[in-house]
Structure formats: structure tokens, C-alpha cells
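J.: All the letters of the sequence shown, read from the start, carry residue numbers 643 to 986 under the working numbering. Just so you know, even glycine gets a beta-carbon here, dropped at the ideal spot from N, CA and C. Below is one structure. I have some questions about it.
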Amino acid sequence: MTEAFGKTGAGQETVLYTLENKNGMQIAVSDYGATLVKVIVPDARGRKRDVVLGYDDAAGYEAGDKFFGATVGRVANRIGGASFELNGKTYELDRNDNGNNLHSGMDFYSKRMWTAAEYGPDHVTFTLHSPDGDQGYPGAVDLTVTYTLTEENEVRIHYHAVPDADTLLNMTNHSYFNLAGQDSGTILDQEVWIGADAYTEADAQSIPTGAVLPVEGTPMDFRVRKAIGRDIEADFQALAFGGGYDHNWALNGSGYRKVAELASAQSGITMEVFTDLPGMQLYCGNFLEGDKGKGGVSYGKRSGVCFETQYFPDAVHKENFEGPVVKAGEAYDTVTAYRFSVSE
């Protein structure tokens, strides 16, 4: 099903694409920003709950600044000093985060019109042409992002791109999940498991120092599932710097694997996270401040949690981090999925 999703400030007509599987699960995505707008999951009692934060129309996403449901690129997260060197040349980026670059600067992919290149019963593929010099990065690249809703209640997000010059690519999805429903308040009682023995230490501006620290004996340890709120206010430097959880975990294993889980006792819904990437930012909505969302809901502090799969932040400056450099003619190709289930 497709429906109008309102106009942008420039008068562009936007479209919302809805996918539904045999279990009654639905997702809705828009060509404005290749944005994940709705994820509707039947809970343990069969009641349908929309479990992602967002807005009612494209104008909301255009005006918003919290990246609800956003496709983020070319490079998600932070690049220290808002510049980097590649092949002997220095590239300058927008300084939009305390002198650093966040989510590739102010000309965000999430604020652009994408082309719906293919739309079928279980998937929709969006494309975007990013020219040489776009956002300050070298090389032209044609990006595709495909959302698929499987019969296993899995939202699969497949990113693919082939640049014509060496460049950086590190895409992610910035959905805020609340498994009790987007209108249900904080996520502090929902439980998280992360398959990670370590996290990347960051400074007060959230730029990694290069150190990869063990989670053992710290509030950063999610290897046994625990409530988000249990340790989020603990007296711990990383939490003080981030205003709560807003950090990159160095995920165990390699290849496509399960890396995290979120569960709500209130709804009975569990979400598993799968990816082939080495890192994941857990961000617990520490800077939400009553943003008006879907149905007039006010999204207060910590009313959603993000699981942003990624290469480590500022990897371009850290020799010990797997880098986001993609060579000319080589494919950037990665999949992240969110799988939903219910328990009685």
C-alpha cells in the first residue's frame, strides 16, 4: 500500500510505503529520507503496538532534529575535528557537534528525497545519488537502501554502494525503539542484552580515545540482560560524559550474527538485533526533550532506545579500529536486521 505523506518545505510530494506480513506485522517507510516511520507489532495479547518513535508526516521529519527512523550516511556517528586525511589529501567536513562532525554534517541524507526504485509485497528499495564532494567527501556514489519485512517478523535493512573514488562509508539506521509502544513513556524498565565484552572509551565530546575497554565490572556490561534504568545513572565517567548510555560497543564475533536484544515485560515483545558490522551504538534518548511525535505524543527523555550498528566512531583516525574506507569500484555491502517475537 502507498499513501501520500505530505509535502516538503520545497513542495516535493512524499510517499509512505507500507509492507505487511502474514502475522499482521507492518512497517511503513518513506521516500523522504528513506525513513523507517512505523513498526507495528502484535503484542502478547494480539494488540498492535507501533514500537518506533516518529512523526505523522514528512514535515515533522523535515523539522525534527533527533533522527527518528533516519537513514544516516555517508558516515554515521562522529569524526573528530570534522576532517580526515585520505590518500594524502585532507577533507574538511561540517563542524556540527562541538567542533566535530556528527552524522556527516548538516546536509543530512535523512533530509533528502530518495527514489523508490523498487516496491514489492515484502520490500522497498530506495536509491540516492551522492556526487563527488557531497558533504565534503571524495567520490561519487549511488546508494541503495532496501527494507524487507520477512515472514519471520524481521525488518532487514540492506545497504549497498560502489564509489567511483576512495571514500568513507558507514551507514546506519537511527530508529528509536520502545517495545511498550511509541506512546508509552520511558524505556528504563525494558531490558537489554549486548553480546560485547568491550566498549570504546570516548572523551567528553564522545570522540573515541582509541582505547577499547572491558565491560567487566562496569555499568557498561550488558552480557546478562538487565533493565536499561538499572545502571544508567551510575557514578561512572563514561555515563557522565554521555548523559547516560550513548556509546559504541565492540561486538563479539564476526560475520552476520545476533548482537543484541531488547525486551518489554509490559508488551511481551522481544526484539533481536543482527548485523555483520563490528560495532553498535546504544543510545537511550538522553537528549529527547518533549519532541512532539506521532498522534501528538510528547517524547520525553529516554522514551526510546537506538541500536545503531556501525564501524566504530572516528575509525578513520584510529589505526586499531576497522576502517570505513571503501576503495574505488569496491562494494560497500552490509545488512542489519531487527527481529520481533512475543512471549506470553
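Please report how far the alpha carbon of residue 960 lies from the alpha carbon of residue 665, in whole angstroms.
T.: For residue 960 and residue 665, the distance between alpha carbons rounds to 45 Å.
J.: For the region 673 to 691 and the region 749 to 758, state whether three or more C-beta atom pairs, one from each stretch, are separated by less than 8 Å.
T.: As far as the Cβ criterion goes, the region 673 to 691 touches the region 749 to 758, which means the pair count is three or higher.
J.: Taking the Cβ atom as the reference point for each residue, do residue 935 and residue 697 lie within a distance shorter than 8 Å?
T.: Cβ atoms of residue 935 and residue 697: closer than 8 Å.
J.: Sorted by chain position, which residues of the same chain lie with C-beta nearer than 8 Å to residue 645's C-beta, five sequence neighbours on each side aside?
T.: Same-chain partners within the cutoff: 657, 658, 660.
J.: Give every residue of the same chain whose Cβ lies closer than 6 Å to the Cβ of residue 941, excluding the five residues on either side of it in the sequence, and list them in chain order.
T.: So the qualifying residues of the chain are 695, 930, 933, 935.
J.: For a quick check, are the C-beta atoms of residue 733 and residue 780 less than 8 Å apart?
T.: Contact: yes.
J.: In whole angstroms, what separates the C-alpha of residue 760 from that of residue 881?
T.: Approximately 42 Å between the Cα atoms of the pair.
J.: Let me make sure I understand the geometry here. Which of 684, 837, 653, 862 has the alpha-carbon closest to that of residue 920?
T.: Answer by Cα proximity: 837.
J.: May I have the straight-line CA-CA distance separating residue 915 from residue 815, to the nearest angstrom?
T.: The alpha-carbon atoms of residue 915 and residue 815 are separated by roughly 12 Å.
J.: With DSSP collapsed to three states, give me the class of residue 697.
T.: Looking at residue 697 - three-state DSSP - the assignment turns out to be coil, as it is neither helix nor strand.
J.: Return the chain-ordered list of same chain residues with a C-beta closer than 7 Å to the C-beta of residue 708, the five sequence neighbours on each side being excluded.
T.: Excluding positions up to five away in sequence, the list reads 930, 933.
J.: Starting from the C-beta of residue 922, find all residues in its chain whose C-beta is less than 8 Å away, skip the five residues before and the five after it, and write them out in chain order.
T.: For residue 922, where only same-chain residues beyond five positions count, the Cβ hits under 8 Å are 836, 838, 890, 891, 893, 901, 902, 915, 949, 950, 951, 952.
J.: Hey, how far is the Cα of residue 873 from the Cα of residue 864?
T.: Cα to Cα, residue 873 sits roughly 10 Å from residue 864.
J.: So residue 692 and residue 647 are supposed to be a Cβ contact under 8 Å. How far apart are they, rounded?
T.: Between residue 647 and residue 692 the Cβ distance is about 15 Å, and since that is not below 8 Å, they are no contact.
J.: If the criterion is Cβ atoms closer than 8 Å, does the pair residue 917 and residue 983 meet it?
T.: The answer is no: Cβ separation not under 8 Å.
J.: Evaluate residue 866 with the Cβ neighbour count: other Cβ atoms within 10 Å of its Cβ, from every protein chain shown; 16 or more gives buried, anything less gives exposed.
T.: Its Cβ having fewer than 16 others within 10 Å, residue 866 is exposed.
J.: For residue 701, which residues from the same chain have a beta carbon less than 8 Å from its beta carbon, with the 5 sequence-adjacent residues on both sides left out?
T.: Closer than 8 Å at the Cβ level, and outside the excluded window around residue 701, lie 648, 649, 650, 651.
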